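Chemist:
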Amino acid sequence: MEFKIAIIGPENSGKSSLMNALFGKYISYVSEVGGTTKNPVKKYWGKIKIGKAKKNPIIVDIIFVDLGGLYTKDDKLSPILTPSILKKTYEEIDKADMIIHVVDGTVGLLKNFEKLHYLLKFRYNKPIIVVINKSDLLNIEEKEKLKNYVENRLKNKVLLLSAKTGEGLDELINIFHHYLKKVDWDV
């Protein structure tokens, strides 16, 4: 059984850095240039046993998908997304069982991602983990203010994270595990 987690966010929000941090090694190319990741980057994370039964636990294969940025920090559609790449991106989002919505802490929440968040959450019923990346670049007051703003706008809990320093990674992994235990696995 497979469980796909798609990482979405604007260009240069740290999606590829988050993917690399989760795996503890280089998976996705990282650059200061927006639009570095174009095609989806898929990586098998591992197996998780679900259930307390020792004889027949459910084994779930976890796969992460790093997607190219859909929008720029100016809230415009990314210029690198050709129709074929955009189609692949939306196909991966559609196939995902869970979404990690990355907000760039230095830019804030984009209006287009606010709209996409609600579309995924309510029309497609996708569970979404919202992370504010680059929190290492914010002071305590800025972190709290942005976290409260994003939680209020998206009606979703928010996790402060830094793919660079590792802040919040353990908590993110614990959220996956907790969610996977609650899923009704129809086998």
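The working numbering numbers the first residue of the sequence shown as 184 and each following residue consecutively. Using N, Cα and C, we set each Cβ at its ideal position, and we do this for glycine too. These figures come from a predicted structure and were not determined experimentally.
What's the C-alpha gap between Leu205 and Glu194?
Modeler: Numbered from 1 along the sequence shown, position 22 holds the residue referred to as residue 205. Numbered from 1 along the sequence shown, position 11 holds the residue referred to as residue 194. Taking the straight line from one Cα to the other gives about 19 Å.
Chemist: With H, G and I counted as helix, E and B as strand and the rest as coil, what does DSSP make of Lys309?
Modeler: Residue 309 sits at position 126 when you count from the first residue of the sequence shown. Coil.
Chemist: Considering Cα atoms alone, identify which of His360, Lys278, Gly349, Leu337 is closest to His284.
Modeler: Against the sequence shown, residue 284 aligns to sequence position 101. Here the closest residue by C-alpha is Leu337.
Chemist: Assign Thr348 to buried or exposed, taking buried as 16 or more other Cβ atoms, counted over all protein chains shown, within 10 Å of its Cβ.
Modeler: Within the sequence shown, the letter at position 165 stands for residue 348. The residue in question, Thr348, is exposed, as its Cβ has fewer than 16 Cβ neighbours within 10 Å.
Chemist: Could you pull out every residue in the same chain whose Cβ sits closer than 8 Å to the Cβ of Ile233, ignoring the five residues on either side in sequence?
Modeler: For the purposes of this step, residue 233 is taken as the residue at position 50 of the sequence shown. The answer, listed in chain order, is Pro240, Ile241, Ile242, Val243, Leu363, Lys364, Val366, Trp368.
Chemist: Confirm, please, whether the CB-CB distance from Ser196 to Val286 is below 8 Å.
Modeler: Here residue 286 refers to the residue found at position 103 of the sequence shown. Here residue 196 refers to the residue found at position 13 of the sequence shown. Cβ distance < 8 Å, so Val286 and Ser196 count as in contact.
Chemist: To the nearest angstrom, how far is the alpha carbon of Ile323 from that of Gly251?
Modeler: Numbered from its first residue, the sequence shown carries residue 323 at position 140. Numbered from its first residue, the sequence shown carries residue 251 at position 68. In a straight line, the C-alpha of Ile323 is about 30 Å away from that of Gly251.
Chemist: Taking buried to mean at least 16 other C-beta atoms within 10 Å of its own C-beta, is Val184 buried or exposed?
Modeler: For the purposes of this step, residue 184 is taken as the residue at position 1 of the sequence shown. In the sequence as presented, Val is not what sits at residue 184; that position holds Met. Met184 is exposed by the Cβ-count criterion.
Chemist: Is it the case that the Cβ atoms of Met202 and Ile190 are separated by a distance below 8 Å?
Modeler: The count along the sequence shown starts at 1 and reaches residue 202 at position 19. The count along the sequence shown starts at 1 and reaches residue 190 at position 7. In contact: Met202 and Ile190 (Cβ atoms closer than 8 Å).
Chemist: Could you have a look at Asn401 and say whether DSSP puts it in helix, strand or coil?
Modeler: As shown, the chain starts at 184 and ends at 370. That puts residue 401 outside it, with no answer to give.
Chemist: Can you name the residues that DSSP bridges to Leu342?
Modeler: Counted from its first residue, the sequence shown places residue 342 at position 159. In DSSP, Leu342 forms a bridge with Val314.
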